[in-house]
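Under the numbering used here, the very last position in the sequence shown is 502; numbers go up by exactly one each time. First comes the structure, then the notes that go with it.
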Amino acid sequence: MNGRKQKNGTDASKDKANKTIDYATNYMYCLQQLPRLGINPRYAEAQMPLYPYTRMYSPKDPVLDKFLQRKKVEIVIDSVKTHVFLNCCEFNADGRFVFAGHDQGGIVYHNTYDFSFFYMETLHLGKEENKTVSQLRRIRLLPFGNNDILTCSSQGYVIYLDNFLNKQVRTCVQNGSAIEDLAVNGDGSCFAASVGSTIHVYGITPRSMSPLVQLTGPHEFTTLCYHPLPSLLLAGDKNGCVRLFDVREAGRNDSKTVWQVNPSKQPVSFVNWHRTTMTFVVGSKDRSILFFDARMPQHPTHRIDCKYAPTCMRWNPCLPDTMAVGDYGGSVYFYDICAGGRTFTGTYTCTLKRGPNLVGAALSPPDPITLTPIGSILKAHRTSDKDDQAIVDLCYHPNGHVLTTIGADKDLRFWTYSRPGTVFWDIFHRSGQGAIDPTRDIYSHNQSHRNMHDDINTAANRLNADELQQFMVSVSASGILQHTLPGLEEAERLTSQ
Numbered sequence: 006m007n008g009r010k011q012k013n014g015t016d017a018s019k020d021k022a023n024k025t026i027d028y029a030t031n032y033m034y035c036l037q038q039l040p041r042l043g044i045n046p047r048y049a050e051a052q053m054p055l056y057p058y059t060r061m062y063s064p065k066d067p068v069l070d071k072f073l074q075r076k077k078v079e080i081v082i083d084s085v086k087t088h089v090f091l092n093c094c095e096f097n098a099d100g101r102f103v104f105a106g107h108d109q110g111g112i113v114y115h116n117t118y119d120f121s122f123f124y125m126e127t128l129h130l131g132k133e134e135n136k137t138v139s140q141l142r143r144i145r146l147l148p149f150g151n152n153d154i155l156t157c158s159s160q161g162y163v164i165y166l167d168n169f170l171n172k173q174v175r176t177c178v179q180n181g182s183a184i185e186d187l188a189v190n191g192d193g194s195c196f197a198a199s200v201g202s203t204i205h206v207y208g209i210t211p212r213s214m215s216p217l218v219q220l221t222g223p224h225e226f227t228t229l230c231y232h233p234l235p236s237l238l239l240a241g242d243k244n245g246c247v248r249l250f251d252v253r254e255a256g257r258n259d260s261k262t263v264w265q266v267n268p269s270k271q272p273v274s275f276v277n278w279h280r281t282t283m284t285f286v287v288g289s290k291d292r293s294i295l296f297f298d299a300r301m302p303q304h305p306t307h308r309i310d311c312k313y314a315p316t317c318m319r320w321n322p323c324l325p326d327t328m329a330v331g332d333y334g335g336s337v338y339f340y341d342i343c344a345g346g347r348t349f350t351g352t353y354t355c356t357l358k359r360g361p362n363l364v365g366a367a368l369s370p371p372d373p374i375t376l377t378p379i380g381s382i383l384k385a386h387r388t389s390d391k392d393d394q395a396i397v398d399l400c401y402h403p404n405g406h407v408l409t410t411i412g413a414d415k416d417l418r419f420w421t422y423s424r425p426g427t428v429f430w431d432i433f434h435r436s437g438q439g440a441i442d443p444t445r446d447i448y449s450h451n452q453s454h455r456n457m458h459d460d461i462n463t464a465a466n467r468l469n470a471d472e473l474q475q476f477m478v479s480v481s482a483s484g485i486l487q488h489t490l491p492g493l494e495e496a497e498r499l500t501s502q
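Take a look at the structure:
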């Protein structure tokens, strides 16, 4: 098998993917309903039984330090098998697969039932991009809920992939120049790609990509992040400067910014927006992570002092005040900006600490709050007791119960809660007391039994609207969530035994 060609997983892996419990789709739908009822899911005192297999939701825990599985990607180059370095990872919209991009231009899928290998294809071919090797640098999910993604390469190309991994659009942002970072705006209408000291903004449709504007700066940009409002773009550079651009107001080639701050003299590793849309996070190689209020960006509101320089961070999608941070020392730390400086042990209890303007200007003290981790995975990637491997990237499952990390040791590792009560505990520790097998026929209503396409490997074979209907949660006229799931009472009775 040539590593440059498509490679499918085993039939067993495909069967597992087809039997993946589609809890994430229903759970994310319910989360969308909660704000309409005036309920903040984080501050709900009791987790509602959102699905028959309720053990997956009670309680939520922000510390995911239980090792589940690890995978490497093996390809064949010149008749020699080799493990490749991984650059990025991302879960698809319905949580059934995790993507990983590697340094030979390919994308790999693993199913999220037991993380067995599912599918691999080389997207960025070196010969098509005028180089021997073209690395896949970033994977970004488009916010349409249909599993469409964007990928970019080290040779300046961007590819739009649909649900069936068909290459709908391919464009060259800047031939021969590496795209450092890629960001998609909130409505999916455009993306930004940083190449050197220029940010190229393109409009997106399923059939075309068209250049809109170019944003320039005095130094090379290292990281990008779009604000939930589609026109605001946050960018960090190699000189430690963070700039906010308004793409809507920018000219064809513009360097005008809304504001800029210089929190560090070292390169910025990442920037990210908090769900309040007024707070953003800056991690830099000076071993610090700073939180700023966008209305008063001159001074930080929170601060984290790290032992090693941070490399990447993500917010937990279901506990949106909790984040995971990876560093050059190979460790992952979990922080909660609602918890202040307090440290939690054991099962984490969510209680209301502040109002909805979590770190707004009016609530910020004169000196920034120094956050301490609520949990950690020390030396998550290592090849020996003395050899720590940096965390290259990490991402959360849409349901917030699994964390995926990529290390410089070429490993893709998966982590979950360090206690019983989740579906993965039952899958990997099925012999324990109270463990059940989620693939039993009694839970067949809770699974997606779909046949794989004969010609096209539908790695992102999502539920369509008709199939989803029976799994949805409806809101009654009285404002109470009503379950419409088949076999609910029977499944809950069996689960509680």
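From the three backbone atoms N, C-alpha and C, an ideal C-beta is built for every residue, glycine too. Model, not experiment: these values are computed from the prediction.
Per DSSP, the unbroken beta strand (DSSP E) holding Cys94 starts and ends at Leu91 to Phe96.
In this structure Arg280 does not touch Leu295 by the C-beta definition: roughly 18 Å separates them, more than the 8 Å allowed.
Counting C-beta atoms within 10 angstroms of its own C-beta, Asp398 has 16 or more neighbours from the protein chains shown and is therefore classed as buried.
Judged by DSSP secondary structure, Ser158 falls within the beta strand (DSSP E) whose first and last residues are Ile154 to Ser158. When DSSP states are grouped into helix, strand and coil, Glu126 belongs to the strand group.
Taking Leu376 as reference, the option from Ile342, Arg387, Gly405 and Glu185 with the minimal CA-CA separation is Ile342. Here Glu133 carries a helix assignment [DSSP, helix/strand/coil].
Proximity to Ala385 across Val78, Asp99 and Val330 peaks at Val330, based on C-alpha coordinates. Nearest neighbour of Tyr124 by Cα position, chosen from Gly335, Ile112, Glu95 and Leu187, turns out to be Ile112. Counted as a single uninterrupted DSSP element, the beta strand (DSSP E) harbouring Asn277 occupies residues Val273 to Trp278. In this structure, Glu185 keeps its C-beta atom at 8 Å or more from the C-beta atom of Ile144. Rounded to whole angstroms, the separation of the alpha carbons of Gly181 and Leu187 is 16 Å. The Cβ neighbour count for Gln160, taken over all protein chains shown within 10 Å, is at least 16; the residue is labelled buried. Cβ contact annotation for Val178 (same chain, cutoff 8 Å, sequence separation greater than five): Cys157, Gly161, Tyr162, Val163, Ile184, Ala198, Val200, His205 and Tyr207, in chain order.
Here Trp264 is exposed, its C-beta having fewer than 16 other C-beta atoms within 10 Å. Non-local beta-carbon contacts of Pro272 in its own chain, meaning distances under 6 Å to residues more than five positions away in sequence, involve Thr227, Lys243 and Lys290 in chain order.
Residue environment for Val85: exposed (fewer than 16 other C-beta atoms within 10 angstroms of its C-beta). With 16 or more neighbouring CB atoms inside 10 Å of its own CB, Thr127 falls in the buried class. In this structure, Ala105 and Ile411 form a Cβ contact; the two beta carbons are roughly 7 Å apart against a cut-off of 8 Å. For Ser289, the enclosing beta strand (DSSP E) covers residues Thr284 to Ser289. In this structure Pro268 touches Gly245 by the C-beta definition: roughly 7 Å separates them, less than 8 Å. The beta strand (DSSP E) runs of length 3 or more contained entirely in the segment 310 to 347 are, from start to end of the chain, 315 to 320, 327 to 332 and 337 to 341. Leu69 and Val89 have their C-alpha atoms some 26 Å from each other. When rounded, the separation of the alpha-carbon atoms in Val266 and Pro302 is 7 Å.
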